[in-house]
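Inspection log for the structure reproduced underneath, given as structure tokens.
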Amino acid sequence: MTPITRQMCEENEMDGYARNDQYNPAAIRSIAEKYRVILKDIGENPEREGLQKTPERVAKALQFLTHGYDLDPAGILRSAMFNEEYQQMVIVKDIEIYSLCEHHMLPFFGKAHVAYIPNGRIVGLSKIPRVVDAFARRLQVQERLTVDIRNCIHDTLQPTGVAVVIEAQHMCMIMRGIQKQHSVATTSAFTGEFEQERTRAEFLRLIS
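In the numbering used here, the protein residues as written are 84 to 291.
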């Protein structure tokens, strides 16, 4: 019998997540070369000691920050769906999100609150944050991210309703442009039962 190693456990736990050391070498080389040019274009010297390895580091960071393109969010849900006659609201709130704004490729970050009302099937609770991360780890806008999460859960799990609220701060508003350090953007998307005022109000009360 093959012994179970720590690495095997970690790979199983990742459940479709890209590990930090899993990079595409060809893509790393291509991206790094472009960042060497960028460093020159902004007036830096990519050959000085502090910057010699920066292009490769940035390339690896960018590949990790966008590894959601390699994930199948619906597949993540399907991997842990169970028949269960539970018909009340299920909420996973305060899910940390980290994404890159597709307009400036600067980070936005915050929290997602996700709920669904089962219709004969439930999903393992850890899968909901994994779905959030699978969509967040791409070039995104907050509005589309909210809808992507909602649609994936609705289409895959087919519950009687889905609710998603995201609250995030955008570095493109904080570090540049309007430079408002305390502004928070809130987006929401609902289906089914959550389109009814009473159900939606209960959800909003529970996540507040």
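We treat Cβ as the ideally placed atom computed from N, Cα and C, and that holds for glycine.
Annotated three-state conformation of histidine 265 is coil, per DSSP. In this structure, alanine 195 sits near isoleucine 232, with a CB-CB distance shorter than 8 Å.
Across the structure, valine 245 and valine 197 are spaced so that their CA atoms are roughly 8 Å apart. Within the same chain, Val197, Leu208, Ile211 and Pro212 come within 7 Å of valine 175 by CB-CB distance, once the 5 residues on both sides are set aside.
A residue is called buried once 16 or more other Cβ atoms fall within 10 Å of its Cβ, and tyrosine 199 is buried on that count.
Here leucine 287 is not near leucine 160, since their CB atoms are 8 Å or more apart. In this structure, isoleucine 125 sits away from valine 173, with a CB-CB distance that is not shorter than 8 Å. Taking one beta carbon from each stretch, the segment 106–125 and the segment 133–147 have 3 or more pairs nearer than 8 Å; the two touch. Taking a C-beta distance under 8 Å as the contact criterion, tyrosine 169 and proline 201 qualify as a contact pair.
Each of Arg283, Arg119, Glu132 and Lys143 was checked against the Cα of threonine 243, and the nearest Cα belongs to Arg283.
The beta carbon of threonine 149 lies closer than 8 Å to those of Leu183, Arg220, Arg221 and Leu222 in the same chain, with the five residues before and after it left out. In the displayed model, methionine 164 falls within a strand according to three-state DSSP. Within the same chain, Ser182, Phe218, Ala219 and Ile249 come within 7 Å of leucine 228 by CB-CB distance, once the 5 residues on both sides are set aside. The three-state reading of DSSP puts leucine 228 in helix, counting H, G and I together.
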